[in-house]
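Structure, as structure tokens:
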Amino acid sequence: MNKIILLAEDNPDDVLLTQRAFKKSNILNELVVVKDGEETLNYLFAEGKYKNRDKNIMPELVLLDLKMPKLDGLQVLERIRKNPRTKLLPVVILTTSKEESDVVKSYCLGANSYISKPVDFDQFIDAVKQLGLYWLVLNQTAKLTCDE
Numbered sequence: 004m005n006k007i008i009l010l011a012e013d014n015p016d017d018v019l020l021t022q023r024a025f026k027k028s029n030i031l032n033e034l035v036v037v038k039d040g041e042e043t044l045n046y047l048f049a050e051g052k053y054k055n056r057d058k059n060i061m062p063e064l065v066l067l068d069l070k071m072p073k074l075d076g077l078q079v080l081e082r083i084r085k086n087p088r089t090k091l092l093p094v095v096i097l098t099t100s101k102e103e104s105d106v107v108k109s110y111c112l113g114a115n116s117y118i119s120k121p122v123d124f125d126q127f128i129d130a131v132k133q134l135g136l137y138w139l140v141l142n143q144t145a146k147l148t149c150d151e
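Mapping of the sequence shown onto our numbering: position 82 corresponds to residue 85, and the numbering continues sequentially without gaps.
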């Protein structure tokens, strides 16, 4: 089964750039795009327009922007970590913010990694390739929850 990547990103240009970078890096996983924090949580917990989604099929990786409408990335991360079903889900912050306070808050709330988006497209492709190699090939994720 193809591993799903959930991209939480409200900027259409960044979505397109990420899609192009994955394609150019030969990362062929299904990329599900959600455009705000509320939609991110609805997808993960099979609620709202995603209520008919099989909630047993979780993404292998969440790429989470910090600056999103409705709920920001830090609020989303906090909710992900508080829920037993998503507590161990790998979450990589992928954002334009280089603020030290955002980095610290992200790690304190349980982010697995924090990546500032490079402005240069070639650097971005390289970052995405490394991200895909590590999180989708090398990293071993937990298939059970902490309570099982």
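Ideal placement from N, C-alpha and C gives every residue a C-beta, glycine not left out.
With a 10 Å radius around the Cβ and a threshold of 16 neighbouring Cβ atoms, residue 62 comes out buried. Bridge partners of residue 122 according to DSSP: none are assigned. Buried is the label assigned to residue 77, since at least 16 other Cβ atoms lie within 10 Å of its Cβ.
Annotation: the continuous alpha helix (DSSP H) that includes residue 21 extends over 15–27.
By the Cβ neighbour-count rule, residue 51 is exposed, with fewer than 16 other Cβ atoms within 10 Å of its own.
Residue 36 is not a Cβ neighbour of residue 67, given a cutoff of 8 Å. For the pair residue 94 and residue 83, the CB atoms are nearer than the 8 Å cut-off.
Rounded to the nearest whole angstrom, the CA to CA distance from residue 112 to residue 81 is 6 Å. Residue 8 sits away from residue 91, with the two beta carbons spaced by 8 Å or more.
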